[in-house]
Amino acid sequence: MQKRTLTHLLILGTLVFLVIAFPVRAAERIYLNYGILGRSIAVSELENFAESGESQGVLNDILKFVPPERWSELRGVLQASYQVDPRMIQRFAYTAPGERLFREIGEFLQSEASLNGGQGIRSAAILATADPEGISVIRFLQKFPTDIRINLARLLALVQRVMAIFQQTQQVTQLLHQQTIQQSGQQSGQQSGQQSAVVPLDLSLDLRQTGVFSYAKQTLNLNDTERQRVLITDLYLPETQNQPLPLIVMSNGLGARRSGLEDLAMHLASHGFAVAIPDHPGSDLLRLRQFYEGREPENFDASEYLQRPQDISFLLDQLERLSPDLKQPLNLRQVGIFGYSFGGSTALALAGARLDSAFLQSDCQSQLGLFNISLLYQCRALELPQDAAFSASFKDDRIAAAYLFVPFGKSLFGSSLAELQIPILWQVTDLDILTPLVVEQLPAFEQLMTGQSGERYLALTQGLPHARVTYDAIGRLGNSSLSWETLADLGHAYQNALSLAFFQLHLAQNPAYRPYLTPAYAKAISQDPYPLSLQIDWIRPEPALTP
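UniProt numbering numbers the first residue of the sequence shown as 1 and each following residue consecutively.
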């Protein structure tokens, strides 16, 4: 059933791609070319089918291969309208990642002269989103200036690769889930047969719940005059007698605000951790707004790959300076870091990962960003001065443990991931078009595992999207019945438990929390149909996929 659903989503998604192509006047025909063979469909045939459900001409011949019960779904794809901010499409279309993405699609959807359709795709997307009734397939067709040529050979190869990614994602997800269930049973058996060697798992302690400590929040404005950056930082300080306080720094994703991590920060503070969340000036929400307003050409500066880790080190320096004036002293010799998406890349750099020029250039030349949106952003690091950027190290020895939530860095850091020596918990999801599981996340984690220095945890939250934008994209195709808020609450509950256990064990040095970093605890708190899987030092048995 799940495989059929994924196949269905792929077909519908491909049909949508087939009509997002060229601007201004209406196309009359869409040509389907396979080598020297070809057929064409009149646009009027699609319009008539969408309105009445009746097929004619070549479309009638093609629909003979589609079960009649699926016709209503195809009509739904043609008729469905979506409200999309045209400003967002217009601004993204002229960024370096946007231009590359449209060029890649343009190899499959070509102009009437069989040329790359990238520029036409960009123009059509901009014009179509400006329609007050929203975007629909038919309205896209009405914007096409010429007839369209679809390179079926390339398109079929693309579809096969996407299906392979879907299949491997399902296989890995099922494998991790099965291993978690199996090993949780083995762990229970070991605990029942041993008296003192194993700390028992006490399920009466629910790590998802708020802790006993109250806390205070203050906002700091930290001016780095040398780099001309002001770090606005929220600092959460628990009111506890434990001194000094263990500190966790959180690095957010691209275009995010500090408040996006507030719930997790409050949860950890209620359990006795000090938490600091800085804004990264060149890649935060303010920068994103400036980008959409047309004041910046890109949604972040490539130099952020260098500036973000320095932001964290500067923050730690300033907290050390301010520590005597704080109500509670901080332990700044061993600090934990939580990194989300782009913040995960920041955390990896602070843990010792270095930009890998050869690895990055190879991936940027040979791999498609269409399969891995994060690659489009990783490749922007090639804009940096090669000698200075790729020889620099931002390792901060104060970072003692790292929790990474859907980070990207497979191409960015390459083989240097094997050199990291601190404990790392790497949380992924199977529903991720930004940093896909088998294309980005697992290859990076496997590179990390080749070094095998420090404990490594792989957690997978099944069915919980990378971000709100992922939920919107997948939910529209899959008709998700659950709201984003419901899914986000469940994701937060899993993250509350895992992050608390991880930092208690590896930052606060509390061994009583080791049983909560096990498959047994993951199984205990899992909620179907969105189970949580957890593996320690996991190695995938089958070869990695190389798109």
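The beta carbon of each residue, even a glycine, is placed where N, CA and C say it ideally should be.
Contact between the region 425-444 and the region 383-393 is not established, with fewer than three Cβ pairs separated by less than 8 Å. Here the alpha carbon of A274 sits roughly 11 Å from the alpha carbon of K327. For A400, the enclosing beta strand (DSSP E) stretches over residues 399-405.
With contacts defined by Cβ atoms closer than 8 Å, I148 and K523 do not form a contacting pair.
Every unbroken stretch of the beta strand (DSSP E) spanning 3 or more residues and falling wholly within the region 476-540 is given here in chain order: 532-536. Minimum Cα-Cα distance from G57 among the listed residues L534, N116, E45, F413 corresponds to E45. Taking a contact as a CB-CB distance under 8 Å, the pair P519 and S184 counts as one, their CB atoms being some 4 Å apart. Put simply, the backbone Cα of A125 is about 54 Å away from that of L201.
Apart from the 5 residues on each side of it in sequence, L348 sits with its Cβ closer than 8 Å to the Cβ of G339, A402, L404, P407, G409, F413, L417, L420 in its chain, given in chain order.
Contact annotation: Q179 and Q535 have beta-carbon atoms nearer than 8 Å.
Ranking G120, I150, F108 by CA distance to the CA of G38 puts I150 first. Under DSSP, R39 takes part in a beta bridge, and its partners are L32. By the neighbour-count criterion, in which 16 or more other beta carbons inside 10 Å mark a residue as buried, G76 falls on the exposed side. Measuring C-alpha to C-alpha distances from V249 to each of Q243, Q441, L237 identifies L237 as the nearest. Within the DSSP bridge table, the entry for M250 names F338 as partners. S499 has its alpha-carbon roughly 13 Å from the corresponding atom of L247. T233 sits in a strand when the DSSP states are folded into three classes. Just measuring C-alpha positions, the residue of E298, P278, R540 sitting nearest L220 is P278. Residue range 373-378 is occupied by the alpha helix (DSSP H) that includes Q378, with no beta strand (DSSP E) assigned at that position.
For A130, the closest of V212, P86, S393 by C-alpha to C-alpha distance is P86. Contact annotation, S123 with T146: C-beta distance approximately 12 Å; criterion of less than 8 Å not satisfied. For M88, the closest of Q290, Y31, L141 by C-alpha to C-alpha distance is Q290. In the assembly as shown, N60 is an exposed residue. Its beta-carbon has fewer than 16 other beta-carbons within 10 Å. If you look at V275, you'll find it in the beta strand (DSSP E) that goes 274-278.
By alpha-carbon distance to R229, the top candidate from Q218, L306, M163, K64 is L306.
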